[in-house]
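Colleague: For what it's worth, this note's numbering labels the leading residue of the sequence shown as 494, then goes sequentially. No residue lacks a Cβ here, since even glycine has one placed at the ideal position from N, Cα and C. The structure displayed is predicted, hence computed values, not measured ones.
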Amino acid sequence: VKQDGLVHISQLADRFVKNPADVVSLQQQVQVRVLEVDLPRKRINLSMKE
Numbered sequence: 494v495k496q497d498g499l500v501h502i503s504q505l506a507d508r509f510v511k512n513p514a515d516v517v518s519l520q521q522q523v524q525v526r527v528l529e530v531d532l533p534r535k536r537i538n539l540s541m542k543e
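In structure tokens form, the structure reads like this:
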């Protein structure tokens, strides 16, 4: 399945993140967990938290 998803800034880490670039960089591959699939809006909400 090829579908983009969104990791909200609050789901990047277990600590406060002011700047997402402090946690991830462009083209970096990350492991995520699926929080929600919204089929009508075609959105996938993801989390990088452990």
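Following the continuous beta strand (DSSP E) through Leu539, name the residue where it begins and the one where it ends.
Modeller: Start at 1 with the first residue of the sequence shown, and residue 539 comes out as number 46. Element bounds for Leu539: 536-540.
Colleague: Measuring alpha carbon to alpha carbon, tell me which of Gln520, Asp497, Val525 ends up nearest Gln504.
Modeller: The residue you call residue 504 lines up with position 11 of the sequence shown. Minimum Cα distance to Gln504 is reached at Val525.
Colleague: Reducing DSSP to helix, strand and coil, say where Asp497 ends up.
Modeller: Within the sequence shown, residue 497 is the residue found at index 4, counting from 1. Coil, per DSSP.
Colleague: Does DSSP put Asp531 in a helix, in a strand, or in coil?
Modeller: In the sequence shown, residue 531 corresponds to position 38, counting from 1. Asp531: strand per DSSP, three-state reduction.
Colleague: Name the DSSP beta bridge partners of Arg508, please?
Modeller: For the purposes of this step, residue 508 is taken as the residue at position 15 of the sequence shown. Bridge partners of Arg508: none, in fact.
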